[in-house]
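Novice:
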Amino acid sequence: ILNVEQSPQSLHVQEGDSTNFTCSFPSSNFYALHWYRWETAKSPEALFVMTLNGDEKKKGRISATLNTKEGYSYLYIKGSQPEDSATYLCAFNSGTYKYIFGTGTRLKVLA
Amino acid sequence: SQTIHQWPATLVQPVGSPLSLECTVEGTSNPNLYWYRQAAGRGLQLLFYSVGIGQISSEVPQNLSASRPQDRQFILSSKKLLLSDSGFYLCAWSPGTGEQETQYFGPGTRLLVL
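Respectively, the protein sequence lines represent chains A and B.
Take the first sequence: its letter number 67 is residue 67 in the working numbering, and every next letter is one higher.
Take the second sequence: its letter number 66 is residue 1066 in the working numbering, and every next letter is one higher.
This is how it looks when you write it as structure tokens:
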């Protein structure tokens, strides 16, 4: 059974703080790792697709790294803003049409 | 541009009643389509996916079924709902060009089975 774990489960940070969270996934049969942001009352929205070991992707204040050999990805948010409050999901893909999602990290940025 | 619709947005159904949730995609052809469920306190669980009309792959044995009667229409059904079917159901599509595809999610249906 393939397992994708995210930590922490939830996180409260002050506005302006930088933060990061982790997605752990199987290190074998890796094909792609996806990050999504899921805001309350909205649909999950794609942030990054990562495929190569050592990949680093960036979108504004949000960036992500990938280590396929040890099976983890980090998502970083620099200078958190209240609008960053959301649940951040990662999804592992082993080259099939099946995506295995983690349970997410719920981020709350306090003004 | 592509859009994805789901309905209804919210549904309260008694145990043993039937279910039909509908998902349609606009602005693309031959997409891959997916049904996910998020139960309380759990992650998104893939229920079904489809790579073409009439083709359905089931990921989890359960009392739910899916159908794809048209290219951009995906339906989730049950003949008799169980309490454990309560949850948030999301439909998603991807372009159908490869396995690294980003998925685009609909607004979801919240189902409460009483």
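Each residue gets a CB set at the ideal place from its N, CA and C atoms; glycine is no exception.
Nothing here was measured: the structure is a model prediction, and the numbers come from that model.
Quick check: B:Ile1053 and B:Gln1038, are their CB atoms within less than 8 Å of each other?
Specialist: Result no, Cβ atoms of B:Ile1053 and B:Gln1038 do not sit closer than 8 Å.
Novice: For A:Thr103, which residues in chain B fall below 7 Å Cβ to Cβ?
Specialist: Residues of chain B passing the Cβ test: Arg1042, Gly1043.
Novice: Bridge partners for A:Phe21 per DSSP, in chain order?
Specialist: Note: A:Phe21 sits in a beta bridge opposite A:Leu75.
Novice: What residues are listed by DSSP as bridge partners for B:Gln1073?
Specialist: According to DSSP, which records beta bridges pairwise, B:Gln1073 is partnered with B:Thr1024, B:Gln1070.
Novice: Any C-beta of chain A sitting closer than 8 Å to the C-beta of B:Thr1102?
Specialist: Judged by the 8 Å Cβ criterion, B:Thr1102 is in contact with chain A.
Novice: With a cut-off of 8 Å, does the C-beta of B:Glu1026 fall near any C-beta of chain A?
Specialist: Cβ-Cβ to chain A under 8 Å: no for B:Glu1026.
Novice: Of all the options A:Lys78, A:Leu89, A:Thr105, which has the alpha carbon lying nearest to the alpha carbon of A:Leu33?
Specialist: The residue with the shortest Cα to Cα distance from A:Leu33 is A:Leu89.
Novice: For B:Gln977, count the other beta carbons within 10 Å of its own beta carbon; 16 or more makes it buried, fewer makes it exposed. Which is it?
Specialist: Because chain B is modelled from 1001 through 1114, residue 977 of chain B falls outside the range shown and cannot be assessed.
Novice: Which partner residues of A:Lys42 appear in the DSSP bridge assignment?
Specialist: Its beta-bridge partners do not exist; DSSP assigns none.
Novice: Going by alpha carbons, who is nearest to B:Glu1101 out of B:Val1012, B:Pro1031, B:Ser1020, B:Gln1006?
Specialist: With distances taken between Cα atoms, B:Glu1101 lies closest to B:Pro1031.
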